[in-house]
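The next block holds one structure in the form of structure tokens; read it before the comments.
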Amino acid sequence: MKKISSACRVGLLGVSIIVIILDQISKHFARSSLVLYTPKAFLPSWNWTLMYNEGAAFSFLGNQGGWQKIMFAGFAIVVSAALIYFILRKSYQMIAGIAFSFILGGALGNLVDRITAGKVTDFIDWYVGTHHWPAFNLADSFICVGVTLLVIESLFFSKK
């Protein structure tokens, strides 16, 4: 496995910062220009719809009275610390480093929402017919892309 330079590792943290910035800009746009629960058509099968999520993915535990906010924030902090450690200290393929950066940026983007507002801003609404996928945001998208890259890396690029 080729050693990744310190400059490249710092660059990967920079990618995470860019993800956080893009996520927060998009959420600011959603909060300032959309009306809560009112779809605004963007493309076929794609709306912008402002929603808030007090739980985890798909609003898991969103109606539990508040304890879950602390738990999810704590979990995001632990995962983020682990990802920073992996980015700065461990050996990995570059594709895994990019994946870690995307996941870190997404986790921290949603953590910013949890800390500042107690809930995560979601606004991307995909649907087919009358079936809507749960609303999500750019941070969620980067987390999913990062996980997908890790799966691809483990299936096709890791040494067995």
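For the sequence shown, the working numbering begins at 120 and goes up steadily by one. Backbone N, C-alpha and C define an ideal beta-carbon position, used for all residues, glycine too.
Would you call the CB atoms of Gly224 and Ile139 closer than 7 Å?
Looking up residue 224 in the sequence shown gives position 105. Looking up residue 139 in the sequence shown gives position 20. For Gly224 and Ile139, yes; Cβs fall inside 7 Å.
Is it true that the segment 199 to 206 meets the segment 235 to 243, where meeting means three or more beta-carbon pairs spaced less than 8 Å apart?
no
Is Ala218 near Leu141, with beta carbons less than 7 Å apart?
Here residue 218 is taken as the residue at index 99 of the sequence shown, counted from 1. Here residue 141 is taken as the residue at index 22 of the sequence shown, counted from 1. In this structure, Leu141 does not lie closer than 7 Å to Ala218 by Cβ.
Tell me, please, whether the segment 252 to 261 touches the segment 142 to 153 by the rule of three or more beta-carbon pairs shorter than 8 Å.
yes
Go to Leu169, then tell me how far its beta strand (DSSP E) extends in each direction, as first and last residue.
Indexing the sequence shown from 1 puts residue 169 at position 50. Per DSSP, Leu169 belongs to the beta strand (DSSP E) from 165 to 172.
Tell me whether Lys146 sits in a helix, a strand or coil according to DSSP, three-state version.
Along the sequence shown, read from residue 1 onward, the residue named residue 146 stands at position 27. Here Lys146 sits in helix by DSSP.
Identify which residue in Ile222, His250, Ile206, Leu274 has its Cα closest to the Cα of Val129.
Numbered from 1 along the sequence shown, position 10 holds the residue referred to as residue 129. The shortest C-alpha separation from Val129 is found at Ile206.
Quick one: residues in its chain with C-beta nearer than 6 Å to the C-beta of Ile262, no 5 flanking neighbours on either side, listed in chain order?
Counted from its first residue, the sequence shown places residue 262 at position 143. Once the five neighbours on either side are set aside, the close Cβ partners of Ile262 are Ile222, Gly225.
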